[in-house]
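For the sequence shown, my numbering begins at 255 and goes up steadily by one.
Where is the CB? At the ideal position from N, CA and C, for every residue including glycine.
To keep things clear, I will list the structure first and then write my remarks on it.
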Amino acid sequence: GEGIYDTNDLKTQMKRGQLTASLLAGKPDVGTWSLKHGWSDGSGVAELKELIASDFPIAMSIASEIVSSASSVESSRPLLATLVSEGTLDDLLIHPDADVRSGAASCAAKIGLASKALSSDDSQVMGLLDVAIELLELEVDASIAPGANESSSKTESTSMDRGIEVMAYLASKTFVKEKIVNGYRPKGSPSERKTALARLVDIACEPNSGDTQMAFGIAGIFNLLAVSIETLR
């Protein structure tokens with residue numbers, strides 16, 4: 255941890271990463287250029303891999319923000335394909351920080367489902383569904399945690415937004431939809447935990463839920479769950 259953080263290389267990579275993430279969010283074309291060519295050695299993706307492998311929480315959080323933002327930009331998605339196919343994102347997906355997990359899950363869902371090989375891997379898809387469901391539970395945990403501050407509340411809200419986003423992508427797959435409507439819960443879930451569908455209903459029924467950023471995603475999920483293949487035909 256600290257020994258790695260003290261190296262100038264990692265500090266510089268983190269600064270570049272923060273700048274790239276901001277550009278991807280505000281100026282997507284410039285952000286894509288930065289990710290592809292703008293870092294010192296001409297390969298932002300290579301340095302992005304180093305951030306992920308650093309095992310330093312702040313560096314991994316920055317990497318998660320980059321992949322989440324880049325996966326939302328059509329021109330930068332091809333740069334991330336190898337990160338998903340090679341399993342490079344796995345360290346982010348199992349990270350204890352929910353914000354780190356959520357950014358990586360968002361990227362994996364967008365990139366992975368566009369890949370025939372990855373989208374046909376049921377175990378990987380179910381792994382992403384489990385991550386999404388866990389992210390939906392964080393808001394409940396945060397609301398009852400003593401001493402929860404504004405910063406942690408914002409982080410949990412962002413994580414929940416991404417959980418909804420990931421589930422909206424996954425619910426387009428028939429077998430995922432069937433899992434959700436039949437009361438799916440991740441293996442090892444506490445007995446008192448509600449099903450994924452019940453949790454979605456709870457979120458939709460919260461005060462002012464229609465005015466939140468996640469409202470469109472929730473509506474999209476329910477729309478997908480309510481429409482069968484036979485109806486579409």
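- For residue 376, the number of other beta carbons within 10 angstroms of its own is below 16, and it is reported as exposed.
- If you draw a straight line from the Cα of residue 414 to the Cα of residue 355, it comes to about 11 Å.
- Nearest in C-alpha terms to residue 440, of all of 463, 379, 274, is 379.
- Assigned with DSSP and collapsed to three states, residue 357 falls in helix.
- The beta carbon of residue 468 lies closer than 7 Å to those of 414, 415, 418 in the same chain, with the five residues before and after it left out.
- Restricting attention to 471, 340, 477, the CA atom closest to the CA of residue 390 is found in 471.
- Using a Cβ-Cβ distance cut-off of 8 Å, the region 272-292 and the region 313-333 are in contact, since at least three pairs of beta carbons, one from each stretch, lie closer than that value.
- With a minimum length of 4 residues, the unbroken runs of alpha helix (DSSP H) contained wholly in the region 446-475 fall at 450-459.
- The shortest CA-to-CA distance from residue 481 to any of 427, 314, 322, 361 is the one to 427.
- Under the three-state reduction of DSSP, residue 425 is assigned to coil, being neither helix nor strand.
- In this structure, DSSP gives residue 375 a state outside helix and strand, which the three-state scheme calls coil.
- Minimum Cα-Cα distance from residue 311 among the listed residues 457, 292, 347, 477 corresponds to 347.
- When the five nearest sequence neighbours on each side are left out, the beta carbons in the same chain lying within less than 8 Å of the beta carbon of residue 351 are those of 311, 314, 315, in order along the chain.
- Take the alpha-carbon of residue 453 and the one of residue 385: they are about 14 Å apart.
- One Cα belongs to residue 461, the other to residue 387, and the distance between them is close to 21 Å.
- Distance from the CA atom of residue 436 to the CA atom of residue 443, rounded to whole angstroms, is 16 Å.
- In the DSSP assignment, residue 282 falls within the alpha helix (DSSP H) that extends over 282-287.
- In the three-state scheme derived from DSSP, where H, G and I count as helix and E and B as strand, residue 381 is classed as helix.
- A residue is called buried when at least 16 other Cβ atoms come within 10 angstroms of its Cβ; residue 309 does not meet this threshold and is exposed.
- If you draw a straight line from the Cα of residue 451 to the Cα of residue 271, it is about 36 Å long.
- In this structure, residue 320 lies away from residue 337, with their beta-carbon atoms at least 8 Å apart.
- With fewer than 16 neighbouring CB atoms inside 10 Å of its own CB, residue 291 falls in the exposed class.
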